[in-house]
Each structure stands twice: as C-alpha cells, then as structure tokens.
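Chains as they are written, first to last, in our numbering: chain A, 1 to 353; chain B, 1001 to 1371; chain C, 2001 to 2591. So the structure is just underneath, and the comments pick up after that.
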Amino acid sequence: MSFRTSHLILLSLIVGLLLAGCAPTASPSGSTEKATAGEITVYTALEDDQISKYLPLFNQKHPNIKVNIVRDSTGIVTAKLLAEKANPQADVVWGLAATSLLVADKQGMLTPYAPEGVDKIRADFKDSQNPPHWVGIDTWFSAFCVNTKELAAKKVPMPTSWDDLLKPEYKGLIVMPNPNSSGTGYLSVSAILQLKDEAEGWKYLDKLNDNMAVYTHSGSKPCKMAGAGETVIGISFDYRAVQQKADGQPIEAVFPKEGSGWETEANALVKKAKINPAARTFLDWAISADAMKAYAKSYPITAMDTGVAIPTGYPADPLKQLIKNDLVKAAAERERILQEWMKRYDAKSEPKS
Amino acid sequence: MTATTPYLQIRNISKYFSKTAALDDVSLEVREGEFVFLLGPSGCGKTTLLRIIAGLEEPTAGQVIQARVDVTKLPPSRRDFGIVFQSYALFPNLTAAQNIAYGLENRRLPRAQVQARVGEMLQLVGLTGYEARYPAQLSGGQQQRVALARALAISPSLLLLDEPLSALDARVRARLRLEVAALQRRLGVTTIMVTHDQEEALTMADRVVVMNRGRIVQVGSPREVYRAPSTPFVADFVGLMNFLPGVMAAGRVAQVRCGGALLQVPAEYVRGHPAPFLAPGSEVMVAIRPEDVRILHNGFDVTNVVDTKVHEVEFLGAFHRLHLRLSQPTGCSLDLTTYLDPGGQAKPLHKGEELSVHLPVHALRVYPAQS
Amino acid sequence: MTIAYPLARLRRIGRATASEERLQQGLIGLTVLWLLIGIVLPLAPLVSRSLSDADGRFVGAANFVRYFRTPGLAWSFGNSLVVAAITTVLAVTLAFGYAYALTRTAMPGKGFFRAVAMLPLYAPSLAIGIGLVYLFGKKGLVTTGFLGLGERLLGTPVGWDIHLYGAVGIILGELLYCFPQALVILVVAGSLTDARLYEASHALRASALRTLWTVTLPSLRYGLVSAFFVCFTLAFTDFGVAKVVGGNFNVLATDIYKQVVGQQNFTMGATISLLLLTPTAIAFILDRLVQRKQPATLTTRSVPFQPKPARRADVVGTLYCSLIAAAILIVIGTVFYAAVVNVWPYNLRLTLRHFDFRAVGGGGAVAFWNTVRMSLYTAIVGVIVTFGSAYLIDKTRGLRSLTGASYFLSMIPVALPGLVIGLAYIFFFNPRHWHVGGLAVPNPFNFLYGTMAILVLANIIHFYTVSFMTATTALKQLDAEFEAVAASLRVPFYRTFWRVTVPLCLPAILEITMYYFINAMVTVSAVIFLYPPSLRVASVAIVNMDDAGDTAAAAAMSALLILTSVGVRLLYEVAARQLSRRTQRWRMRDA
Ligand SMILES: Nc1ncnc2c1ncn2[C@@H]1O[C@H](COP(=O)(O)OP(=O)(O)O)[C@@H](O)[C@H]1O
Ligand SMILES: [Mg+2]
C-alpha cells in the first residue's frame, strides 16, 4: 500500500523547522550498544488490545528483556513525559502521536537513534535528521462509532458527516474525547478548525458542544460506550470502530464525508543519563518487518510496505478519507487550541481530562 | 553490711507530677530484715515512694541508696527487689507455675532447678497442686499468693508490696495478714509494704511510716505511733482520738474552750521535753483515746473530771460506744467517745443521761492548734 | 528454712538488662522517626508546592486564587461539600436504624445482616460505581426495565431512569461505601449502653420514643459524632465512585486526579490537595474535641443490654435490614453478573472471557497478583509496625515528649486522604535531591521511589490510625504493671512482649492484620500516583479499564478482588477460631 506523500513531506518540513532551533546542540550519540536482557519502561498511547497483539511478538524474540508498559491516552503520556523531564522514567516512547514527540524533542528530551532497518521507513514517516530523533510506524484517523440498534430505537437517521452531528435530534446522544487528554480528540478538533476556518470552526464546536452528552478522557471510550448502548454516537477513530464491529457489537463505522483528521504514531529513544541498551533493541524490533506486519493488521496505513491487505471495514482508499492536515498549524497551535477548548467546554468533561 | 548501716536509705526525695508535689523532701532509713509499713490516706504518695524505691518512677530530687549503692538512676531491671501490686499483675496466659518461674527462666538455670524452686515456692505459699491453674481459675487469695511467690522466687533482698491485701474480702485479708507477716519473719527479707489500713500496719509492722500529703509525719513502732502520735493527723488516722480545743493556762493546766473545764496536762508539754514546749496562752488541742476515758460512778474527788450528757449509745456486740456531749453548752458542741465495758456496767445508759468522766492526766496529749 | 540454691546466681542481674533500657529508648526514637518520615515530612513539600509556581518560585496564595477563579474547578469544592454532607446524613441515618435493629431488637438473622452490611468494605469504591452503572446507567437493569424483560412481561415499558451520572450517582455510591463504616462505629457504641438505664426507663413507663430520645441517643452521642466524621471524610475524599459515575459533575478528588494524571500539573494538584485536606482536618479536630469529653460509658457495674423479643420491633427491624441488605447484595451481585455477560446489553450469554485481561489495559492478571502481594506485605509489615509502635508508645517509661509526640502523629493519618498521601509521597520521595533554602540535599529515601516498599508504606500510613487505635485499646486493657513486674524479675521487656503482651493481644493483632489486608486490596487513592509501571495494581487497573471504556473487564477485576478479600476473610475466620481454641485457653474460667 502506498501513502500520499504530500502530507508527510509537509510534516517533515515542520520537523526540520522545529528542530532548527536546537539542532546544533544535539550531538548525535555515537553509541549503538544493544542488549538481549534487561528491563525497560515503555511509554505508549497504542490501544491496549493492540499492545496485547504486538508485545508478545517482542517477548518471543527477546524473552530476557522485561518490558514495563505505561499506557495511557496521548495527552496524558505526553504530559507525563514532559513533566518528568528532569528525571525521565521512560526508556522508550512507542506509538505516540508525532506532534507530541515534536514537542518533547523541542525540549531536548529525545536521543537521536537510527534503529536497524530505518532506511526501509518512508522518508515522510521519520525525522529528516540523521540519525533521526523519531521514527513513525502508522497513521490513524477519526471515525464515528454509531450504535445501529439504539439509532433504530430512537428513530433517528444515521449521521454521515460532521455537519450531521449538529442536528437537534442528536442532542445528548453524542460522546467525544476531550482533546486535552486524547490524541483522537485533538485530531478531530484540529480537523474541524482546519476544515472550516478558525472562527467558523469554534462556532461549529459550540454547537456540537450543545449536542454533547459528555467528553471522555480516552479516545476509545466513546466507541466502547456506543458499543454498550451507553451512548448512540461516539466520535472515535478508525481502528476502534472497525474492531468493535468485527467483535459483534451493533456498531457501524462512519467515516465523515468532509474527511477525517489524522496523525502519525511514532517511536523515540528518551534522553537519559544512562541509556539502557535494551531500549535500542526494542526500537529496532518496533520497526522490524514482523512488527510492521502486525501494525498493518490494525491500520491500513503504515510506515513501510508490508503487503498486508487493508483490514475489512476500512474505506477502500483510506488516503482519500484524510483531510489536508496543516500539521505546522496543528503542532504550533496545539497549546493555544487546547487552552481555548478548556475554557469553553471543560465543564462537560468527565474526570481525568 | 555492718549493723549501723541501714540497708535502704531514702534521702530527701521529692517528686513532682507537673506542678503538684506527690512527695516533698522525704527521708527514711530501713534496716536489713525490717518489715516497714508506709501508712497514709489515699493519695498521700505511698505508691509513688514505693515506685521510686523500685526505680519505676524517677524522683525529681533526692537519692535512693540500697545496700550502700546509689541506685537512684538505675532502671528497675538493674536493682534487686521483688514487687507485688494490688492487682497482682499475674500474667493471665501463664499458669501459676509459669508465673512463678517467669523470673527464673532467663538466668540460665538448669530446668530441674527452676522446677524445684517453683515447687518450693508453691509450698511456701501453700499452693502445692495448683501449678497448672491459670490465674482466672484461682481465687483472689490464691492469686495473691502466686504473686508473692513469683516475687520471692528470685530471692530478692528487698520485697515491695503495694496494698497487696486490699482487693481481698475481710476474712481472707485477716488470715493473709498473719501468713504474710510470718513469711516475712521466716525469710528475713527486708520488706516495705504500702497500706491505707492502719489495722494492717499495726498488726504486721516492725516500724510504721505515717505519711500525709507527700510528707512523712511520723516514724515509729506500732506502739509508738499509736500511743504517742506526733501530730493530730497521726492521732486521728491511727486509731480513734478525741480532740478538745483549748488554751494553755498558767501552770500545767489547759483550759478547754467548750464548757470552760480546766484540764491538767502532762508536765512534758510545759517542760518542753521530750514534747514541744507550749507557752501559756497558746491555742492547743487536747487529745485522748476513747479507751482512756473513765466513767465516774460516784463523785470521786479527782482532777480532770468533765460533766457530759449521753448523746448516742452504739451497740457494737462486744462493747458499746458512747457519744457524749459536754454539759453547759456554750454554743459549740463536740463528741467524746468511750467504750463501755458491758461486764462491769450494772445499769444501762440512755440517751440524755448525765455522766461525769475522768480524763487521766497521763493519757492526755496536747498539740499546738493549727487551723 | 534452707534454700539450697545459689542465691548469688538467682540474684544475678542479667547482662542483657543494662542495654535493654537503651534499646527500648532507641526503638521509641525509631518510632518517632518513621512516623515523621511517613507522615509529616512528606507533607512539607506538598504545602510548599501549593505556594509555588511550576518553576518553584514562591507565589503565596496565587494558586488558590487561580483555583477559585477557574470556573470549572471552583465548582468542585462546593460539589464535594454538598455531596459529602448529603451522603453523611443519609449514611449515618440509615446505619443508625440498622445498628439499632442489630443491637436493640431480637430480630432473627443478625449474623447474616451484619455480614452483608460489611460487604462493601471488601469492594473497591470503583466496583460500587460499576455496579450502579449496570443497574442505573443508560443501559442499566433498572433503567431499561430489566433490559426490556419487564416490558415483554407487562406490556408497558417499566424502565426507570434515575439519571445516574452526576450527583445522584455519587451520593448513591458513597452511601453504600460509607454505610458499613458508620455501622461498625454505631454497633460498637450501641453495645456499650448500660442495660440498667433501659430498665429504669421501662420502669418509669417512658414511651419508646422518649426512651430513644433520653437513653439511646445520649449513649450513642460519641459514636454518632465519630460516624459523622468518618463518613464525611470518606465521602469528601473518595475518588472511585465519582470517577465512574460522576459524569460531568466534578468533585475535588477527581480534580486532583485530573490535574496530576491528566495534565501532570503537580502544582495545581498540591493546591487542590490542601483544599481537600482542610475540611477533613477541621472535622478531625472537632471529632477529637468531642471525643475528649467522653466519659466511660461502661463501668464495671454496668449490665450489658440483652434485647428481649418484641414482636413489632423485631418485624420492623427485619424488614428494614432486609431492604438495605438487599440493596447491597443487588449492587455487588450486579458487578458479578456484569462480569460474566458477553456483550451487555446485546448478548446476555454468560462467559468468562472478561476475566482474560490481556486485551485490556491496567496490567491484568499481573496487576491482580501484585495487589495480592502488596496487600500481604502491607498486612504483615503493617501489623508488626503498628502493634510495635503502639506498644512502645504505651509502655515506654520516661521520654514523655517522645511518646506523646508519637501518639499525636499516629492520630494524623485518619484525616489524610489517600490521594494526598500519594501526591505528598511523590514530592518527598521522587527527587534525587531536596532543595531546602537553595541547598541541594541528597534524598536518602529516594531509593524507595517506584518500589513495592513505597506502596506498602503508603498503605500502612493510609490505614494507620484505625489500626493503631485498635492496638492501643487492646494494650490499655492489659494490667499496666506487667512491665513493672517483669522488670523487677529482671526479664527484658522484649521477652515479656513476646510471651505475655502478644499472646494477650492476639485477637486484636489478627484483626489489624485483616484490616490492612482488606483495605490494601481495594484501595485506589493512595497508590494511583505512586505505582511504578513494573508494579501495576488491580484497583488502578480498574480505573484504567473504566477510562478506556472496558467496563466489563473492570467489573471482572472488581469481582475478582471482592472474591479474594471475602475468601481471605472466611479463611481467616476459620483459622482464627482454630488458633484461639489453642492459644486462648487461659480465658476459660474452669480448669
Ligand atoms: N503518674 C502520675 N501523674 C500525675 N499524678 C500522679 C501520678 N501518680 C500519682 N500521682 C499523684 O500523686 C499523688 C500521690 O499518688 P500515690 O503515690 O499513688 O498515692 P497513694 O499510693 O498514697 O494513694 C496523688 O495526688 C496522685 O494523684
Ligand atoms: Mg497507692
């Protein structure tokens, strides 16, 4: 499968720009020491059920390396990472939104490292510097999870677009993630602010807020709530919707007509006084063909051609679903947009957002 | 140890609990083998003094010298004494034998010796056969004896007893009084016992230390304390005493306030030896034990006769107690109590009857009046 | 008589005794030290953080001002107060009735009612929230009229939507969570009433209501105050229920969590912590003031009250207790049911698949075993440290200032919410260096951070006061002269401790062990900020699962925790009975 490169070129452009400020001080570490045994702490925002598929592959290959997973939603992993700047706990970041890694890198928290096989990763999926500061693995995008049974019971039509969600008949039936804690939440908000212009975008979000039952902390929870009938429409992301439908829940995966916001998940080595060599081993594995194949079973878009067919339930051409995402804007304005969002809608947010 | 050095010396001991003084400059000497009683009303500091001797309480000032060693700063575990508390403090989860053996077990004695010693102690207190009983399965008197045996098992040079009999009923108490006294004499162990029961002290003690409000007020043999109480407090606390307020007149005479009777008092108060000198005009209390008061049946011509009226007659089985009022009341009333010998008394006395009584000079004690 | 023993040997002063006194004084010093490290010192950085900005500059009350100026946050303080107040009144009232029935009527099945009422203690508060979700949530059993069953049977929709998410849900959940705690206190207070007062009241022909007013209530006064204090503190600081059923209704406990975990804003976390601490501290002080005046309700001459059968009171009592017991059983039962339903509410086939935690967050089975281990360590270390400290504080002669300080320190933890302990521990243990007045002091306790040890320490401190009071009460019942006698026999104190004190206090010791175990099994708040990634625990896993929307798995984990705790309790009862038969023979009056 191939990936439209324009977005990613853009992305790497930003990265270059962002890094320009601090690049001179970042002396590429010469050491590439690895290990076959040890214990590492990995921060990740990958889905739990994905980790449970991916990680055993690593464990099989390196049974003597104990991996302690700290998994949480994107915003929380990011916040934790940044908060621990003075005394980092993580050895490796695995599958975290690239925009988050850019922020961490800007604060000098990442160690450049070229994992084995990084040359096979598409240029637009990795940091342009050599050795790269981060390496991407896949892309995810927003989708609606709609509970068909509840929809029928409530006798309301199936929404097909972002604009549909403003209709009064959906009042109180929609749940979406809080962008402060959830990467999925942020890419949806960012998508709307880019699809419309900013003023229009906030107007849209105001109206959407009127229809919102609650903002959840995690990006997958709206979909799970929809699956359990606790809500009718959950604004979530592609993998979750497809997965739950396949699981037998009365879920329809809706990809909004206007297009979906998207983001790349990437890996990086955390800068520490003493780098654990097992961390490099892990990063090598995390972009190995085995791992990439596993990612490809979750997501249609990966950083490397794997030959794995697009999983059922996804649009035939997933790339078409992606909006034109100005990641310069998305990354640079992340802080401001989140603050603004908090001010407007935080009262409706469930704990931990 | 020479005979002249007391076994235990208590030197100027004071003890303050926050601001209140429980003991105020107390000094005392105890000879080896002596059975000394600390007697006084509740709260006067007896237990505190005993606990200071044991090292369970630290004195605010003063010294404790035991066997010529200053032990004031030593913890109890480094002193040489056995102790029995009012509660006995028997370990309820250990049998009588285990309780008695408790102090023997950690001194590397062969097991057989420990057992023999326990057997001997049980025999000593008359509890052979009760070794396997738990305290809850023993009577109060038996528990008391186990506690005594436990304290004696390590053969202490000093035995401290804090009201060991007061939790028992009267009958058992009376029997144990004799037993404990006999045991003490037999073992010859220096013993200090605390009690608020004057009868206990009088019957058992070699020497009685009467205490009041944190001070020692008199030290002496039971007889001395009873017959020659040094203060009205001792007089009142040990046995019964009648008091008549008065003023010293000229010569060997005190004038009693109520009724105006003139009483001759012993010469020593006027001589100032061995009793304190009482100047004419000083306020005094004239005291006499009830048993010293004599009833006059016919108007014998003797000194120190006062006229009274019977106010109350109490029948007490073996004897009567009369409550008398001085005649010619001048606004104040006071009681005289006397025993009435039932054998020698022909006609019974009734309330309101007039009665002259004789207060023998040698039986009178005179104290400076204190408000 | 002749004594054929080496008297010198009998009298010999044990060599150990010289250092013994010093040992005991050293130990009491250690007690003060560990209480300082466990309780007081960690609070210092918490306070200083709340008065500083993110970069550590002193800003005075600016954070508090900011808190109250942020509309979303400021509401939480009021919300917490209102919810806690309502819960407290309801819980104490309901528990009062229940305790009354248990201690003052002759209704049947008291053992059963007592056991059921205690059930919520064996569940994390999150589990109670989850039970409520499956009963009253959008797709709850009650909300949907038993998933449409009612409608099919009766022909009309019978669902009842109580609008769970928000204040209603929090109050319901906290009510269940606080009820047993209030009940324990009131039952104890209730069984301390002198029966002679009732006889007098009866003889005077006082009406039942008048007896309630003049005899029952006054005798329960101190118990009631304690129950109010405990319930208020629990409801005000609990995080689990609000997390699950709070919806958009923010409370302080969830705010702290939101600031610390969600935004990694430790400064605001510290600020809100102090706000959380203030009312509980005030309640604590009030309770202390009231309890100080408590006279001994039971004198040696008191007669314990034996309720006599009274038809109407017994029937009413049975009905009342049945209702409450049913409510508790239904909520807990629902957790179990939810744990085994395939896809709620669409596929009600039963399955055990939710007990396979591999596909959900939180650490799954490993987390469960970590919790069991942590609880075991907490119980064992906790009982040793607690009983040992209580012993030293009660029995050390002299050093009044040290023992007094230790006693005071031991009272503090009851007013410390778990979240506050957790956050304070991060500030205290995490830094490699403490910065004290511009000076970098190496932190000697840093090695504890991120280990099992710090989790155990946090748990012990969190549940310290109640355990300490249990130990102290047991110790105070012993003859105060045991130690004096032992000293006179020149037996070192530790020997007497082991041979006399411990056996005599065994029931209390076992009770404390159990208390620590059960509470460590279900606690979230003290450990949620502290657990390292290598040591995830089950109660936090429930939070994570609920966060991710994996409610069925959260229910399964809750069920597992409840089963384990109840199972351990049952084992304990059997073992304790066996043990006491062997070790408590001396309590029997007959030889
Ligand atoms: N530990 C203590 N703290 C404060 N006051 C005490 C203490 N022990 C004794 N006292 C006070 O010291 C005084 C003497 O007490 P105590 O020696 O027990 O008297 P006794 O044994 O003669 O009845 C009393 O007023 C008592 O209240
Ligand atoms: Mg006393």
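We put the CB at the ideal spot given by N, CA and C, even for glycine. Quantities reported herein were computed from a predicted structural model and do not represent experimental measurements.
Selected residue, minimal CA-CA separation from residue i, among the options
{"i": "V2315(C)", "options": "L2563(C), L2051(C), R2104(C) and I2542(C)", "result": "R2104(C)"}
{"i": "G2269(C)", "options": "Y2464(C), G2422(C) and L2149(C)", "result": "G2422(C)"}
{"i": "L2175(C)", "options": "N2265(C), A2117(C) and I2380(C)", "result": "A2117(C)"}
{"i": "V1286(B)", "options": "I1216(B), L1364(B) and V1305(B)", "result": "L1364(B)"}
{"i": "L2457(C)", "options": "V2331(C), I2039(C), A2091(C) and L2023(C)", "result": "I2039(C)"}
{"i": "A2548(C)", "options": "P2413(C), G2361(C) and Y2449(C)", "result": "G2361(C)"}
{"i": "T2386(C)", "options": "A2359(C), Y2337(C) and H2462(C)", "result": "H2462(C)"}
{"i": "R2312(C)", "options": "L2252(C), A2208(C) and P2218(C)", "result": "A2208(C)"}
{"i": "W285(A)", "options": "I137(A), P112(A), Q129(A) and G227(A)", "result": "I137(A)"}
{"i": "S1018(B)", "options": "F1319(B), C1044(B), T1060(B) and Y1130(B)", "result": "T1060(B)"}
Any chain B beta carbon closer than 8 Å to residue i
{"i": "L2579(C)", "result": "no"}
{"i": "G2166(C)", "result": "no"}
{"i": "T2299(C)", "result": "Since pLDDT at T2299(C) reaches only 48, below the 50 mark, its modelled position is unreliable, and the value read off the structure follows with that caveat. Judged by the 8 Å Cβ criterion, T2299(C) is not in contact with chain B."}
{"i": "V2188(C)", "result": "no"}
Contacts around residue i, its chain only, beta-carbon distance under 6 Å, and the 5 residues preceding and following it disregarded
{"i": "P88(A)", "result": "V270 and K272"}
{"i": "A97(A)", "result": "T74, G183 and E263"}
{"i": "P256(A)", "result": "S161 and W162"}
{"i": "R240(A)", "result": "S220 and C223"}
Spatial neighbours of residue i in its chain, beta-carbon cut-off 7 Å, leaving aside the 5 residues before and after
{"i": "T2299(C)", "result": "Note that T2299(C) scores a pLDDT of 48, beneath 50, so its modelled location is shaky; the value from the coordinates is reported in the next line. Excluding positions up to five away in sequence, the list is empty."}
{"i": "M176(A)", "result": "G185, S188, M212, Y215, P222 and I235"}
{"i": "A2084(C)", "result": "F2232, A2235 and F2236"}
{"i": "T2523(C)", "result": "G2418, N2459, H2462 and S2539"}
Cutoff 8 Å; reference residue i; Cβ partners in own chain excluding five residues on either side
{"i": "T2211(C)", "result": "Y2198, S2201 and H2202"}
{"i": "L2348(C)", "result": "L2147, V2341 and N2342"}
{"i": "A2044(C)", "result": "F2428"}
Closer than 7 Å: residue i CB and nearest ligand 1 heavy atom
{"i": "F2482(C)", "result": "no"}
{"i": "G1040(B)", "result": "yes"}
{"i": "P1043(B)", "result": "It is worth fixing the name first, because residue 1043(B) is Gly in this sequence and not Pro. G1043(B) Cβ: within cutoff of ligand 1."}
{"i": "K2395(C)", "result": "no"}
{"i": "F2493(C)", "result": "no"}
{"i": "F1017(B)", "result": "yes"}
{"i": "A1267(B)", "result": "no"}
{"i": "L1022(B)", "result": "The sequence given here has Ala at residue 1022(B), not Leu. Yes; taking the cut-off as 7 Å, the Cβ of A1022(B) has a heavy atom of ligand 1 nearer than that."}
Interface flag, residue i vs chain C, CB-CB below 8 Å
{"i": "A83(A)", "result": "yes"}
{"i": "I355(A)", "result": "Residue 355(A) lies beyond the residue range present for chain A, which begins at 1 and ends at 353; the question has no answer from this structure."}
{"i": "H217(A)", "result": "yes"}
{"i": "E340(A)", "result": "no"}
{"i": "A1136(B)", "result": "yes"}
{"i": "V270(A)", "result": "no"}
{"i": "T160(A)", "result": "no"}
Cβ-heavy atom distance, residue i to ligand 2, below 7 Å
{"i": "V2568(C)", "result": "no"}
{"i": "E1163(B)", "result": "yes"}
{"i": "K1046(B)", "result": "yes"}
{"i": "V1194(B)", "result": "yes"}
Chain E within 8 Å of residue i, Cβ atoms only
{"i": "T2156(C)", "result": "Of the protein chains in this structure, namely A, B and C, none is chain E."}
Under 8 Å, CB to CB, which of the residues in the segment 170 to 183 of chain A have a partner in chain C?
N180 and S181: these are the residues of the segment 170 to 183 of chain A whose beta carbon lies less than 8 Å from some beta carbon of chain C, given in chain order.
Where the segment 2068 to 2082 of chain C meets chain B: residues whose CB sits under 7 Å from a CB there
Residues of the segment 2068 to 2082 of chain C with a Cβ closer than 7 Å to any Cβ of chain B: none.
Using a Cβ cut-off of 9 Å, which residues of the segment 1063 to 1076 of chain B contact any Cβ in chain C, in chain order?
Of all residues in the segment 1063 to 1076 of chain B, only P1075 and P1076 come within less than 9 Å of chain C when Cβ atoms are compared, listed by chain position.
Beta carbons nearer than 8 Å to chain C: which residues of the segment 1212 to 1237 of chain B have them?
Cβ contacts with chain C: none found.
Counting only Cβ-Cβ distances shorter than 8 Å, please list the residues of the segment 2237 to 2253 of chain C near chain A, keeping chain order.
Per Cβ criterion, the list reads A2242, K2243, G2246, G2247, N2248 and N2250.
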